[in-house]
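Down below is the structure, laid out as structure tokens.
Chains as they are written, first to last, in this note's numbering: chain S, 412 to 694; chain E, 412 to 694.
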């Protein structure tokens, strides 16, 4: 596995690989790799000839009060995991290499970036779309792989790819969970012992909602109440939002109808914010 | 010369050409081709193996009160000129092909897009950077050619290319002028007879400024007054701005010092707005 650290090296290598007629897949990450990322790397491997893993803790997607400094970083561990996953290139640039000052250009996606996660983290998604556009230009992929866990991020990146005519196929990897249902996340490391014990409530509440809907429940308030009851039962969880959106446009639905609904959760346990989601069929 | 009209066709053709190891140059235009565009096509031809001319009157760079509807369009004439210039592909998409609704994603460049042209045309440059990013993804060029006449546009596109890591070399074509010095522009067609007679004042004032500076004048106000005097002598020209900027950051200078200064003009003759500029060496 090659480790590349500069813009120039990465672009030259990607260009070589493309000219050789090989298909490139990129998996953009912030490191602190876990089984979720490993499953994205498998998906990349299965759908390409050349896998690029990028590790970059992107400052522009963190707000001023957020955890940019504390975000877990362990390059040696990540390097071994990338090797195990059979990545061809690990791209691991410095912040100065990616954002040489003065940096002026951002990719923005309007109102879909201002709701849910974007309401709580106002500059988050412009940071995400900007770094992803840059990483696409740096790694020149045919295929890019993102996790379904960050559902709004996935929707926004898909919209950016369509709107800006990136000639890139997006693949979404399913949410990977712990044995008790907690979605894998680098931020799970922040959870205290009791918080960790309560955190599976997110998945339990999503599963309960899916069960209700499967049994024919179509009253949105009934489903919402069931979710809230599980999230708050015996735990000090603070709910940021419970939302029901149309996966085709990421807008709130006011009725449970159509093909499917995407249920979104964001919940705080102490200072740790967890998100989770589930696509529930309605037909 | 091939004429391509869809996103899919254009991307497939560009990909083929790149895979064959050929170097692509793109010249993005809004049509109404004149000798200025022809010189950009020559520059493209001289620096590549495969020249793509794009013709697209881009609605997102026009304000609501501007001339999108009246902007001159003559595809048959443009087609012949493109053929004369030995373009390999003419990409000529419909608005619906480029902006399928809902369109949410824009490329923005902050404060440099809010001064000079951007102050008078607030959404202009986000429209420009967005369409240029899209055209880059559609035509996959190694080289892109723009005219020096739109100096701020050139600066902003260069900044976007750097900031977003487009792996594209930008070439700037010099300003092409009529015999009397008026910079070639598709909008010159709007000028009435008297306005056309007065319009060369822009170039005359720039030349007078350059002569003064060459002779050692370093008082900015003296140079500015000389420009204003020529622009307003015997003509009803209305000055939008006369500006002196540092070409490295596009910021106003308050002293004539350093390597060079870029003098920018925007002037109205009746309802027609003309811009012109000149890079003047200071050493």
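For every residue, glycine included, the Cβ atom is placed at its ideal position computed from N, Cα and C.
Could you check which residue in the options has the C-alpha nearest to that of residue i?
i                      : options                    : result
residue 696 of chain E : E:590, E:436, E:635, E:593 : Because chain E here runs from 412 to 694, residue 696 of chain E falls outside it and cannot be looked at.
residue 503 of chain S : S:517, S:511, S:490        : S:490
residue 466 of chain E : E:473, E:476, E:448        : E:448
residue 625 of chain E : E:672, E:425, E:512, E:680 : E:672
residue 633 of chain S : S:589, S:667, S:572        : S:667
residue 475 of chain E : E:456, E:669, E:532, E:645 : E:532
residue 446 of chain E : E:662, E:455, E:586, E:615 : E:586
residue 560 of chain S : S:416, S:432, S:687, S:430 : S:687
residue 620 of chain S : S:564, S:589, S:635        : S:635
residue 496 of chain S : S:455, S:658, S:630, S:602 : S:455
residue 700 of chain E : E:661, E:482, E:609        : The structure shown does not extend to residue 700 of chain E, since chain E is modelled only from 412 through 694, so no value can be given for it.
residue 549 of chain E : E:684, E:417, E:685, E:693 : E:417
residue 650 of chain S : S:520, S:639, S:473, S:629 : S:639
residue 485 of chain E : E:457, E:434, E:478, E:444 : E:444
residue 469 of chain E : E:432, E:505, E:457, E:569 : E:505
residue 453 of chain E : E:471, E:563, E:584        : E:584
residue 630 of chain S : S:648, S:664, S:602, S:547 : S:664
residue 522 of chain S : S:483, S:547, S:563        : S:563
residue 539 of chain E : E:614, E:471, E:615, E:684 : E:471
residue 602 of chain E : E:685, E:547, E:457        : E:685
Tell me, to the nearest whole angstrom, how far the beta carbon of residue i is from that of residue j; I am working on the premise that it is less than 8 Å.
i                      : j                      : result
residue 617 of chain E : residue 656 of chain E : Incorrect: roughly 14 Å between the Cβ atoms, too far for contact.
residue 556 of chain E : residue 541 of chain E : That belief does not hold up - the Cβ atoms of residue 556 of chain E and residue 541 of chain E are roughly 19 Å apart, past 8 Å.
residue 567 of chain E : residue 524 of chain E : 6 Å
residue 509 of chain E : residue 487 of chain E : Between residue 487 of chain E and residue 509 of chain E the Cβ distance is about 21 Å, and since that is not below 8 Å, they are no contact.
residue 493 of chain S : residue 412 of chain S : 6 Å
residue 600 of chain E : residue 646 of chain E : Not confirmed; about 19 Å, so no contact.
residue 589 of chain S : residue 554 of chain S : At roughly 28 Å, the Cβ-Cβ gap does not stay under 8 Å, so residue 589 of chain S and residue 554 of chain S are not in contact.
residue 415 of chain E : residue 500 of chain E : 6 Å
residue 662 of chain S : residue 693 of chain S : No, residue 662 of chain S and residue 693 of chain S are not in contact; Cβ-Cβ is about 16 Å, not under 8 Å.
residue 434 of chain S : residue 461 of chain S : 7 Å
residue 637 of chain E : residue 680 of chain E : So it is not a contact: roughly 20 Å between Cβ atoms.
By how many angstroms is the C-alpha of residue j removed from the C-alpha of residue i?
i                      : j                      : result
residue 534 of chain S : residue 643 of chain E : 46 Å
residue 627 of chain E : residue 459 of chain E : 41 Å
residue 592 of chain E : residue 690 of chain E : 16 Å
residue 597 of chain E : residue 439 of chain E : 14 Å
residue 578 of chain S : residue 606 of chain E : 46 Å
residue 421 of chain S : residue 595 of chain E : 41 Å
residue 423 of chain S : residue 451 of chain S : 24 Å
residue 441 of chain E : residue 507 of chain E : 16 Å
residue 537 of chain E : residue 604 of chain E : 34 Å
residue 480 of chain E : residue 428 of chain E : 35 Å
residue 515 of chain E : residue 529 of chain S : 15 Å
residue 512 of chain E : residue 526 of chain S : 20 Å
residue 565 of chain E : residue 558 of chain E : 7 Å
residue 682 of chain E : residue 652 of chain E : 16 Å
residue 573 of chain E : residue 654 of chain S : 39 Å
residue 411 of chain S : residue 641 of chain S : Here chain S has residues from 412 to 694 only, and residue 411 of chain S is not among them.
residue 431 of chain E : residue 520 of chain E : 34 Å
residue 575 of chain E : residue 676 of chain E : 29 Å
residue 482 of chain S : residue 622 of chain S : 35 Å
residue 543 of chain S : residue 478 of chain E : 35 Å
residue 547 of chain E : residue 615 of chain S : 46 Å
residue 498 of chain S : residue 419 of chain S : 20 Å
residue 425 of chain S : residue 569 of chain S : 22 Å
residue 457 of chain S : residue 457 of chain E : 42 Å
Does chain C have any CB closer than 8 Å to the CB of residue i?
i                      : result
residue 554 of chain S : Among the protein chains of the structure shown, namely S and E, there is no chain C.
Quick check: does the Cβ of residue i come within less than 7 Å of any heavy atom belonging to the ligand ZN?
i                      : result
residue 580 of chain S : Inclusion of the ligand ZN in the displayed structure is not the case, the ligand content being empty and no account of it being possible.
Open item on the list: Output needed in chain order: residues of the segment 488-522 of chain E with a Cβ under 9 Å from some Cβ in chain S.
Closed with: Residues passing the 9 Å Cβ filter: 509, 510, 511, 513, 514, 515, 516, 517, 518, 519, 520, 521, 522.
TODO: Scan the segment 563-582 of chain S for residues whose Cβ lies nearer than 7 Å to a Cβ of chain E and list them as they occur along the chain.
DONE: Residues 570, 571, 574, 575, 576, 577, 578.
Open item on the list: Beta carbons nearer than 8 Å to chain S: which residues of the segment 525-548 of chain E have them?
Closed with: So the close ones are 540, 541, 544, 545, 548.
Task: the segment 421-437 of chain E: positions lying closer than 8 Å to chain S by Cβ - done: Under the 8 Å Cβ criterion, the segment 421-437 of chain E contributes 422, 426, 429, 430, 432.
Open item on the list: For the segment 648-678 of chain E, list every residue whose C-beta sits within 8 Å of some C-beta in chain S, in sequence order.
Closed with: Those residues of the segment 648-678 of chain E that come within reach of chain S (Cβ to Cβ, closer than 8 Å) are 660.
Task: Under 7 Å (Cβ pairs) to chain S, residues found in the segment 465-476 of chain E - done: For the segment 465-476 of chain E, the set of positions with a beta-carbon nearer than 7 Å to some beta-carbon of chain S is empty.
Task: Whole runs of the beta strand (DSSP E) within the segment 416-488 of chain E, excluding any shorter than 3 residues - done: Runs of the beta strand (DSSP E) inside the segment 416-488 of chain E: 435-440, 461-466.
Task: Sequence ranges, alpha helix (DSSP H) only - wholly within the segment 539-598 of chain E, length at least 4 - done: The segment 539-598 of chain E contains these whole alpha helix (DSSP H) runs: 562-574.
Task: 3 or more residues per run - each beta strand (DSSP E) lying fully within the segment 503-542 of chain E - done: DSSP runs (the beta strand (DSSP E)) wholly in the segment 503-542 of chain E: 517-519.
Open item on the list: Threshold first: 3 residues or longer. Then list the beta strand (DSSP E) segments lying entirely within the segment 657-690 of chain E, N to C.
Closed with: Listed in chain order, the complete beta strand (DSSP E) runs (minimum 3 residues) inside the segment 657-690 of chain E are 671-680.
TODO: Would you mind listing the alpha helix (DSSP H) stretches within the segment 598-623 of chain E that are 4+ residues and don't spill past its ends, in chain order?
DONE: Whole alpha helix (DSSP H) segments, 4+ residues: 604-609.
Task: Selection of the segment 632-643 of chain E by Cβ proximity to chain S, strictly under 7 Å - done: So nothing in the stretch comes that close.
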